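Residue numbers (my numbering), protein chains in the order written: chain A, 872 to 982; chain B, 677 to 791. In this text, a Cβ means the ideal position worked out from N, Cα and C, and glycines have one as well. Since this is a predicted model, take the numbers as computed values, not measurements.
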Amino acid sequence: QKEVEQDPGPLSVPEGAIVSLNCTYSNSAFQYFMWYRQYSRKGPELLMYTYSSGNKEDGRFTAQVDKSSKYISLFIRDSQPSDSATYLCAMTNTNAGKSTFGDGTTLTVKP
Amino acid sequence: GAVVSQHPSWVICKSGTSVKIECRSLDFQATTMFWYRQFPKQSLMLMATSNEGSKATYEQGVEKDKFLINHASLTLSTLTVTSAHPEDSSFYICSALMGLAANVEFGPGTRLTVL
C-alpha cells in the first residue's frame, strides 16, 4: 500500500464548476501538506501548503487537512480553463524537506 | 520570486554515454536540493537528497554509482547519469529547500531520452 493515495481521475468539468481533489495518507508523522500544480512537461508549482490540521484559503483555492482522518482536500472555485493541469498532493514530516507525492489527478476545465 | 533552473531542458543521447544535468538556485542559497524522476503519467519519485559539501543520500533502490550527484556550491547541484540506457529515459526534476520543510522550489525539469 502506498503511503499517499490520490484520487486518480482524470476529472473533466465545465468552466465555473467547483472542483474537489483529494488524498489520503497512512503516515501519522506527516505535518506539512502541500498541493502542487504541474503543467505538461514542466516542473511542479507550489499552490498551497498547510501545517497540521485546518483550512487555508487563497483566492479561488481552499486547502483542507483532517489529520484525524488522514485526509486532505483541495477545492477550486469558479474553475477556469487555465486551471487545466495535473494536481499533486505532497506531504512531509518536520524539517526533513523530503516530500512524498501522490500520483496526481489530471484536471480538464472545458470552456 | 525564488527561481530554480535546470540545464539542459532536453537531451538525447546514445546508449552507453553519460549525461550531466545541472540544477541551479538563481537568487537564493540552497544547502539542500532534491532530485526526482518522473515517468509519464506517474508521480515524482525521490532519487536522492543532495547536501552542499557532503555526499548525497540516496533512496532505496537508486544506484549511487549510476546516478552521481555533486553539490559543489550553495547554488549548484549536478546529476550525472552514467552509462545511460533506454530505461533511464525519464523526466528528471530537481528542487531546492528554502529553509522551511514545506518551502521547496522546483526546477522546470530535464527530459532525457536515451536511444
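Asked	Found
Strand pairing of residue 929/A, partner residues [DSSP]	932/A
Option nearest residue 956/A by Cα separation, candidates 964/A, 939/A, 963/A, 918/A	918/A
Cutoff 7 Å; reference residue 873/A; Cβ partners in own chain excluding five residues on either side	none
Option nearest residue 879/A by Cα separation, candidates 905/A, 973/A, 938/A, 979/A	973/A
Residue span of the beta strand (DSSP E) that contains residue 958/A, given as start and end	956-963
Residue 906/A burial status per 10 Å Cβ neighbour count (16 or more: buried)	buried
Contact with chain B by residue 970/A, beta-carbon distance below 8 Å	yes
Proximal residues, the segment 949-963 of chain A versus chain B, C-beta separation under 7 Å	959, 963
Residues that DSSP places opposite residue 696/B in a beta bridge	756/B
Cut-off 7 Å between Cβ atoms - residues of its own chain near residue 761/B, not counting five sequence neighbours on either side	691, 790
Chain B residues whose Cβ lies nearer than 9 Å to that of residue 941/A	Here the premise fails: no neighbours, minimum Cβ distance about 18 Å.
Residues, ordered as in the chain, of the segment 910-928 of chain A that lie near chain B by beta-carbon distance below 8 Å	912, 913, 914, 915, 916, 917, 920, 922
The segment 695-703 of chain B contacting the segment 734-743 of chain B, beta-carbon criterion three pairs below 8 Å	no
Which listed residue (752/B, 756/B, 711/B, 747/B) has its alpha carbon closest to that of residue 735/B	711/B
Residues near residue 901/A by beta carbon distance below 7 Å, same chain, minus five either side	962, 963, 964
Proximity to residue 785/B [Cα-Cα], best of 729/B, 770/B, 715/B	770/B
Member of 916/A, 936/A, 886/A whose CA lies at the smallest distance from the CA of residue 782/B	916/A
Simplified DSSP state of residue 952/A, which is helix, strand or coil	helix
Member of 687/B, 780/B, 787/B whose CA lies at the smallest distance from the CA of residue 679/B	780/B
N- and C-terminal bounds of the beta strand (DSSP E) containing residue 740/B	No beta strand (DSSP E) holds residue 740/B; DSSP gives it neither H nor E.
Proximal residues of chain A, C-beta to C-beta of residue 783/B below 9 Å	914
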